[in-house]
Structure formats: C-alpha cells, structure tokens
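Novice:
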Amino acid sequence: MESHIGAKGFIIGTFVQNELIAFRNVYFPDVKEREWNLGYDIGLEAPEDLEQIANLQMICVHPKFRGNSLGRQMNSHAIEIIRQLPRYTHLCATVSPYNYWNIRILLKSGFTIRTLKTKYDGKLRYVVYQNLTRAVEYLEKNERVSVRLTDVERQKELIHRGFIGVQLREIDGFRPQKPTDYANGFEVIFSASSPAEFSFGRPPDISPRQLPVFASQSVVRGQQSRPGRSLSDVETDVWIDN
Ligand SMILES: CC(C)(COP(=O)(O)OP(=O)(O)OC[C@H]1O[C@@H](n2cnc3c(N)ncnc32)[C@H](O)[C@@H]1OP(=O)(O)O)[C@@H](O)C(=O)NCCC(=O)NCCS
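Residue numbers for the sequence shown, in my numbering: 5 to 246.
Written out as structure tokens, the structure reads:
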C-alpha cells in the first residue's frame with residue numbers, strides 16, 4: 005500500500021476547510037508486476053509498452069459529498085498530471101461491474117471497457133483503458149449493443165468479438181425492490197471498435213466498416229436523486245504528494 009501512494013505514484017486530496025473529503029491515487033506499476041500492471045490484461049505484450057502504464061487505482065469520496073462531480077474532477081486532474089509526465093502512454097483502471105457510479109465516471113473520463121475477468125484473488129473486474137496520445141476511436145454507424153450490467157456472460161461474448169464498452173446508462177422506469185437490485189437498473193452500451201484501438205495487441209475478431217470516426221458519448225440522465233450537497237456550499241483545494 006505504501007508504495008502505491010508513495011514513490012511509485014501520487015495522490016490527490018480534496019479538502020473542505022482543512023478536512024479531507026475525497027482522494028484519488030495513481031500508481032505506476034513495474035513491468036514485472038503481473039497483477040498490478042494492467043497492460044497484461046488488455047493484451048499489451050512489448051516491455052516498452054508495459055513500461056508506459058499508469059493505473060488510476062483507488063478513489064473515494066465521502067458519502068455526504070457524492071454526486072457532485074468530485075470523482076470526475078479528480079480523475080481529470082490526475083489524467084492531466086500523468087499527461088505531463090513524458091513516460092506514460094497507456095492509462096488503465098479496474099472497476100467492479102457492480103460499482104455503477106465508478107464505472108460511469110471512468111467511462112466519462114475517457115476510458116472504454118476492454119475486458120471483464122477475475123482478478124485480485126477471484127474478484128470480477130472490468131479493466132478499462134485509454135491511450136493518452138490519441139482519442140478513442142470507434143465508428144458512429146458500427147453496431148451498438150446494450151447489455152444489462154449484470155449480464156456478465158453476454159458482455160464477455162461481446163468483448164471477445166472485439167466490442168468495447170463506451171457508456172453506462174440507467175434503464176428508464178427501473179424500480180429496485182431492495183438495495184442489492186440497483187445494478188439491474190443499468191445497461192452498458194458496447195460499440196464495435198476500430199482496429200486502431202487494438203493496434204498494440206491482438207486485433208478483434210470483427211472487421212468494422214470504414215466509417216467516420218467520432219469520440220463523443222451521449223449522456224442519458226436518470227431519475228436518481230442526489231443526496232450530496234451542492235458544490236457551491238464547499239471550498240475545495242487540491243493537494244498532491246509525490
Ligand atoms: C465512485 C465514487 C468515487 C464516485 O464519486 P462522486 O464524486 O460521487 O462521482 P461524480 O459525482 O463525479 O459522478 C457520479 C455520477 O453518478 C451520478 N449519481 C447519481 N446519484 C448519485 C449518488 N447518490 N451518489 C453518487 N453519484 C450519483 C452522478 O449523477 C454522476 O453522473 P453524471 O456525471 O451523469 O451526473 C464514490 O461513489 C465513492 O467514493 N464510492 C465509494 C468508494 C469506491 O467504491 N471507490 C471505487 C473503488 S476504488
């Protein structure tokens with residue numbers, strides 16, 4: 005843990021009147037760390053690529069302040085810092101398929117879902133990726149498929165066929181019966197990808213049509229209420245230790 009926030013990474017803290025209310029940490033894994041170097045999980049093979057991996061690792065926002073875009077702002081800030089470090093091209097993160105708000109902020113922070121697999125002693129995880137030197141490329145008129153967040157097998161099949169997850173959407177009118185039902189109220193939008201997205205490794209099985217490239221995602225707002233305070237109530241400051 006110490007190395008994840010010390011010499012091999014940095015941490016951003018958000019404070020309200022000197023009280024820490026949120027943090028995001030970034031870790032730079034070594035090539036030989038097979039579990040932590042997420043390049044292995046997304047098909048990167050060359051040591052020179054594996055040396056250029058940075059992980060967005062842990063993030064936490066105090067429950068009272070969630071839903072105020074602090075998570076997204078800390079992600080953008082961390083990505084901007086990493087961009088200024090010449091060494092890193094590949095940015096990765098893992099996220100549980102049941103952690104819908106974290107999936108949403110990662111996809112809105114420029115990542116796409118590349119694989120869904122067990123990691124960390126048997127835990128199911130998406131591995132998400134973005135290339136810091138080019139915008140995500142997927143084709144506007146390529147096939148798009150919506151899959152329930154909880155339909156793991158269908159998602160694995162699409163990923164195997166070369167689809168990438170690009171958006172998390174709340175299903176209109178979904179009413180959870182109990183808190184554990186919440187994940188059923190979301191669907192992931194998968195898009196057939198451009199071969200360029202996989203140019204570092206094994207190409208997908210599909211051959212997408214050559215159509216114009218775009219890099220935007222539409223946002224579908226759901227009915228979920230936000231118990232968090234408005235950001236205008238608080239003062240934030242960013243603290244970085246590296
Ligand atoms: C995941 C987490 C970091 C998100 O932080 P956050 O500051 O609340 O995230 P943001 O406000 O930037 O974005 C959350 C998204 O969820 C939506 N949302 C809706 N209701 C929400 C709620 N009650 N709480 C949080 N987010 C909510 C927001 O609308 C936003 O989507 P939008 O961009 O479409 O508006 C935070 O929920 C958290 O700390 N969770 C516990 C720790 C954790 O699971 N960390 C990840 C593993 S390391």
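Ideal Cβ placement from N, Cα and C applies to all residues, glycine included.
Decide if N79 is buried, meaning its Cβ has at least 16 other Cβ atoms within 10 Å, or exposed.
Specialist: Per the 10 Å Cβ criterion, buried.
Novice: Considering only C-alpha positions, which residue in the set I25, Q21, L48 and F32 is nearest to S73?
Specialist: If we check each option's Cα against that of S73, I25 comes out closest.
Novice: Return the residue from the list G13, I168 and I86 that minimises the CA-CA distance to L136.
Specialist: If we check each option's Cα against that of L136, I86 comes out closest.
Novice: The beta strand (DSSP E) spanning G43 covers which residue range?
Specialist: G43 -> no beta strand (DSSP E), and no H or E assigned at all.
Novice: If we ignore side chains and look at the alpha-carbon of each, how far apart do V99 and Q21 end up?
Specialist: Looking at the two C-alpha atoms, the distance is approximately 30 Å.
Novice: Examine ligand 1 and report whether any of its heavy atoms sits within less than 8 Å of the Cβ of L95.
Specialist: No, since every heavy atom of ligand 1 falls outside the 8 Å radius drawn around the Cβ of L95.
Novice: Output the distance between the C-alpha atoms of D241 and L110, rounded to the nearest integer angstrom.
Specialist: Because D241 sits at a pLDDT of 45, beneath the cut-off of 50, its placement in the model cannot be relied upon, and the following sentence gives the value as read from the coordinates. Each residue's Cα considered, the two are about 22 Å apart.
Novice: Please report how far the alpha carbon of K12 lies from the alpha carbon of R129, in whole angstroms.
Specialist: Straight-line Cα distance between these residues: approximately 23 Å.
Novice: For S113, which three-state DSSP category applies?
Specialist: In the structure shown, S113 sits in coil (DSSP, three-state: anything other than H, G, I, E or B).
Novice: Here's the rule I'm using: 16 or more other beta-carbon atoms within 10 Å means buried, otherwise exposed. How should T18 be labelled?
Specialist: Buried, because 16 or more other Cβ atoms sit within 10 Å of the Cβ of T18.
Novice: Checking 9 Å against the spacing of the C-beta atoms, do Q171 and V156 come in under that value?
Specialist: Cβ distance not < 9 Å, so Q171 and V156 don't count as in contact.
Novice: May I have the straight-line CA-CA distance separating R138 from Q181, to the nearest angstrom?
Specialist: If I take the Cα positions, the gap works out to 43 Å.
Novice: Suppose you measure from the CA of A82 to the CA of N188; what does that come to, to the nearest Å?
Specialist: So the two alpha carbons sit approximately 31 Å from each other.
Novice: Using the Cα positions of T116 and H94, report the straight-line distance between them to the nearest angstrom.
Specialist: If I take the Cα positions, the gap works out to 12 Å.
Novice: Between G114 and Q134, how many whole angstroms is the CB-CB distance? I'm expecting something under 8 Å.
Specialist: The Cβ separation is near 5 Å, so the contact holds.
Novice: Is F19 near ligand 1 - that is, is its Cβ less than 8 Å away from at least one heavy atom of it?
Specialist: Incorrect: F19 has no Cβ contact closer than 8 Å to ligand 1.
Novice: Just mark R91 as buried or exposed, buried being the case when its beta carbon has 16 or more other beta carbons within 10 Å.
Specialist: With fewer than 16 other Cβ atoms within 10 Å, it is exposed.
Novice: Please list the segments of the alpha helix (DSSP H) lying wholly inside the segment 50-100, counting only runs of 4 or more residues, in order along the chain.
Specialist: 51-54 and 74-87, all fully within the segment 50-100.
Novice: Take the Cβ of G177 as the centre, count every other Cβ of all protein chains shown within 10 Å, and call the residue buried at 16 or more, exposed below.
Specialist: G177 is exposed by the Cβ-count criterion.
Novice: Which of the three DSSP states, helix, strand or coil, is assigned to G177?
Specialist: Correct three-state label for G177: coil.
Novice: Could you pull the start and end residues of the beta strand (DSSP E) that L128 belongs to?
Specialist: That run of the beta strand (DSSP E) goes K127 to N135.
Novice: Determine the contact status of K123 and D45, defining contact as a CB-CB distance below 9 Å.
Specialist: Their beta carbons are under 9 Å apart, which means K123 touches D45 by this criterion.
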